[in-house]
Amino acid sequence: MTILLIAEHDGQQLKNATRHTLTAAEELVRCGATDGIDILVLGYQCQESATDAAQFSGVRRVLLADALPYQHALAENTAACIAALAKEYAYILAPADTFGKNLLPRVAALLDVGMVSDVIQVISRDTFVRPMYAGNALATVQITDAIKCLSIRSTAFRAAEAKTGSAPIEKITQVIANEQVEFIKRTVQTSERPELTSAKIIVAGGRGLKSRENFQRLEKIAEGLGAALGASRAAVDAGFAPNDYQVGQTGKMVAPELYIAIGISGAIQHLAGMKDSKVIVAINNDPDAPIFQVADYGLVADLFQVLPELELAIQHISLRPS
Amino acid sequence: MKILVTVKRVIDYHTTIRIKADGSGVETANVKMSMNPFDEIAVEEAVRLKEKGIATEVIAVAIGSAACQETLRTALAMGADSGILVETTTDVEPLIAAKIFQKIAEDIQPRLIILGKQAIDDDSNQTGQMLAGLLRWPQGTFISQLEITADTALVTREMDEGLETLSLKLPAVITTDLRLNEPRYLSLPNIVQAKKKPIRTLPLTELSIEKAPHCNVLQVTAPKARQAGIRVANVAELLQKLHEAQLL
Numbered sequence: 000m001t002i003l004l005i006a007e008h009d010g011q012q013l014k015n016a017t018r019h020t021l022t023a024a025e026e027l028v029r030c031g032a033t034d035g036i037d038i039l040v041l042g043y044q045c046q047e048s049a050t051d052a053a054q055f056s057g058v059r060r061v062l063l064a065d066a067l068p069y070q071h072a073l074a075e076n077t078a079a080c081i082a083a084l085a086k087e088y089a090y091i092l093a094p095a096d097t098f099g100k101n102l103l104p105r106v107a108a109l110l111d112v113g114m115v116s117d118v119i120q121v122i123s124r125d126t127f128v129r130p131m132y133a134g135n136a137l138a139t140v141q142i143t144d145a146i147k148c149l150s151i152r153s154t155a156f157r158a159a160e161a162k163t164g165s166a167p168i169e170k171i172t173q174v175i176a177n178e179q180v181e182f183i184k185r186t187v188q189t190s191e192r193p194e195l196t197s198a199k200i201i202v203a204g205g206r207g208l209k210s211r212e213n214f215q216r217l218e219k220i221a222e223g224l225g226a227a228l229g230a231s232r233a234a235v236d237a238g239f240a241p242n243d244y245q246v247g248q249t250g251k252m253v254a255p256e257l258y259i260a261i262g263i264s265g266a267i268q269h270l271a272g273m274k275d276s277k278v279i280v281a282i283n284n285d286p287d288a289p290i291f292q293v294a295d296y297g298l299v300a301d302l303f304q305v306l307p308e309l310e311l312a313i314q315h316i317s318l319r320p321s
Numbered sequence: 000m001k002i003l004v005t006v007k008r009v010i011d012y013h014t015t016i017r018i019k020a021d022g023s024g025v026e027t028a029n030v031k032m033s034m035n036p037f038d039e040i041a042v043e044e045a046v047r048l049k050e051k052g053i054a055t056e057v058i059a060v061a062i063g064s065a066a067c068q069e070t071l072r073t074a075l076a077m078g079a080d081s082g083i084l085v086e087t088t089t090d091v092e093p094l095i096a097a098k099i100f101q102k103i104a105e106d107i108q109p110r111l112i113i114l115g116k117q118a119i120d121d122d123s124n125q126t127g128q129m130l131a132g133l134l135r136w137p138q139g140t141f142i143s144q145l146e147i148t149a150d151t152a153l154v155t156r157e158m159d160e161g162l163e164t165l166s167l168k169l170p171a172v173i174t175t176d177l178r179l180n181e182p183r184y185l186s187l188p189n190i191v192q193a194k195k196k197p198i199r200t201l202p203l204t205e206l207s208i209e210k211a212p213h214c215n216v217l218q219v220t221a222p223k224a225r226q227a228g229i230r231v232a233n234v235a236e237l238l239q240k241l242h243e244a245q246l247l
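Protein chains in written order, with numbering that gives the first Met the number 0: chain A, 0 to 321; chain B, 0 to 247.
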């Protein structure tokens, strides 16, 4: 029995989250749970995404459901399409981001099966580890259903890179549409900076920055470092930063090489989203801030002295080629 | 129009959790419990719709032990009209919870069901989507704005890339994100009044739902703690250390 991996893509290529999910799928193949991986690309005018998916090593075939009702990844349509295909599969995998979280539970319900969210480790063909309580507890969960729905936390699996494959692309002609939901619009933040969930360096600001203007000073620092910009929930709630910057239990999960937390106290809800970062730097004026308990390098200082010094220093930093 | 809103009793989010020594779960005895914060937002939104004259009745439903009466009383004190407790002492996983809510919804016929996007105990983020799937209703997940017209719910969803606006035909299921609203504080008169509002108790065994677990939690452990590192004196030293570690 095979894995069906639901691709998150942008119409041209797979998104990073899908490549991380593919690595988790490969682990399932390695533990003998399955004989291969099929990738399902749902969308409209998304042939290029299917072509991209077909190049990844270890992919047996790519299923392409290219039709107008799948254009905006509306769960009502896509979940029904996936459920119709699912009977032939042993696993259905999707990334545990807003795309997969919206879609996969609906698929599971249509199939009358359970689901394991945010898988961070594959133990065996039916047993997985997932975090609960904002990452303060790890549960080992065994799933009993014949079709196992798993959402995969990207930070726990590397991104699949190898593109030596040439899997066949098969078109799915069945189109499922409904009148229940209508897409109105999408407002996407565009930025020259790298995407938060795949950046090597993240500069993140908290309430300690005290104002939107001060928060915006981090932009220059982030740009100088080639870093993405993140924020704590407190900073988002205070209106310093938009919601899609939010890192934490209810925001994004990140694990960059370097996470620089500026004016973030380190509530457990925030730590849940970033404590898997390789190196954590904390800059805060409160020496007792909990963020220092997880920081590799801590600097207790007045932020408003530190910011100009950082800005100046970063102008002189030549980026290490990566 | 009737609104059904779901509330879960969870360990208070200010509380540091303790894992049981035998690895069977998280200690909940003698721990401060409160309503899941996302469910508070759900109740608040439902009550606001009633105050605007859009909703006629707000019914709160909880699943769990008799102690969940307290959570329902909180919902009633916020302004819900009545409560339903589906009583059980066993843990209920998201698919079972969704099936329970489906039964309740088929009984009371709401036009809108509002759930928190996730419960902060198991962090599954599944129940709302599963409920929508079981009912074959449209779903608006992780919403930060809601506008109700005669037959539609216009929702703004918080996505990783930004915001998405959808128009859902009612009846619909929606799940709340943090920025939807700020839940009210409970006033003493409202707390007193809430004691007079009805709560119906329904044993789970009476609902004829297949309760065999789909997911078994075999073990719960603490994650490896991260060690604190070193303190640096100033920006120059910090940058030097990061250089030495080849991070910059």
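No residue lacks a Cβ here, since even glycine has one placed at the ideal position from N, Cα and C. All values derive from a computational prediction rather than experimental measurement.
Taking C-alpha positions only, B:ALA41 is separated from A:GLY57 by approximately 43 Å.
The C-alpha of A:ALA155 is placed about 13 Å away from the C-alpha of A:LEU137. Uninterrupted alpha helix (DSSP H) stretches at least 4 residues long and entirely within the stretch 10-66 of chain B occur at 36-50, given in chain order. DSSP places B:GLN144 inside the beta strand (DSSP E), whose first and last residues are 138-147. Cα atoms of B:ASN35 and A:LEU110: separation of roughly 28 Å, rounded to the nearest angstrom.
Beyond the five residues adjoining it in sequence on each side, A:PRO193 comes within less than 8 Å, by CB distance, of LYS199, GLY225, ALA226, ALA227 in the same chain, given in chain order. DSSP places A:ASP236 in the uninterrupted alpha helix (DSSP H) bounded by 232-236. Only residues of its own chain outside the window of five on either side were considered, and among them THR155, GLU157, ASP176, ARG178, LEU179 have a CB closer than 6 Å to the CB of B:SER143, listed in chain order. The C-beta of A:GLY113 comes closer than 8 Å to at least one C-beta of chain B. Below the 9 Å Cβ cutoff, chain B contributes no neighbours of A:ASP287, its closest Cβ being approximately 12 Å away.
Cβ neighbours of B:GLU56 within its own chain (closer than 6 Å, five residues either side excluded): LYS1, ASP80.
Assignment of B:VAL172 by DSSP, reduced to helix, strand and coil, places it in the strand class. Taken atom to atom, the span from the alpha-carbon of A:PRO289 to that of A:VAL280 is near 13 Å. Straight across, the Cα-Cα distance linking A:ALA203 with B:ARG8 is about 32 Å. Annotation: A:ILE201 to B:GLN125 spans about 29 Å, alpha carbon to alpha carbon. Taking a cut-off of 8 Å for Cβ pairs, the stretch 206-216 of chain B and the stretch 140-160 of chain A touch, as three or more such pairs fall below it. Near chain A, meaning a CB-to-CB distance below 7 Å, the residues of the stretch 7-34 of chain B are ILE16, ILE18, VAL25. Per DSSP, A:MET273 lies in no beta strand (DSSP E); the unbroken alpha helix (DSSP H) holding it starts and ends at 267-273. DSSP, reduced to helix, strand and coil, places A:MET252 outside both helices and strands of the structure shown, so it counts as coil. In chain order, GLY132 make up the part of chain B whose C-beta sits under 7 Å from the C-beta of A:ALA78. At a cut-off of 8 Å, the C-beta of A:PRO130 has a neighbouring C-beta in chain B. Contact annotation: B:LEU111 and B:LEU169 have beta-carbon atoms nearer than 8 Å. In terms of Cβ geometry, B:ALA59 and A:ALA294 do not form a close pair [threshold 8 Å]. Collapsing the DSSP output to three states places A:ASP243 in a helix. Counting only the Cα atoms, B:ALA45 lies some 27 Å from A:ALA234.
Sequence-distant partners of B:GLU39 (beyond 5 residues in either direction) whose C-beta falls short of 6 Å from its own C-beta, in its chain, are PRO182. A Cβ of chain B is located within less than 8 Å of the beta carbon of A:TYR296.
When secondary structure is reduced to three states using DSSP, A:VAL174 falls in the coil class, being assigned neither helix nor strand. Interface with chain B (8 Å Cβ-Cβ cutoff): A:GLY134 is included. In this structure B:LYS194 is exposed. Its beta-carbon is surrounded by fewer than 16 other beta-carbon atoms within 10 angstroms. Looking at the DSSP output, A:ARG129 shares a beta bridge with A:ALA138. Close to A:GLU308, with beta-carbon spacing below 7 Å, are these residues of chain B in chain order: VAL234.
In this structure, the straight-line span from the alpha carbon of B:LYS210 to that of A:GLU169 is close to 38 Å. Listed in chain order, the alpha helix (DSSP H) elements of length 4 or more contained wholly in the stretch 67-128 of chain B are 67-77, 93-107. Here A:SER116 carries a strand assignment [DSSP, helix/strand/coil]. A Cβ-Cβ separation of about 4 Å places A:LEU63 in contact with A:ALA49 under the 8 Å criterion.
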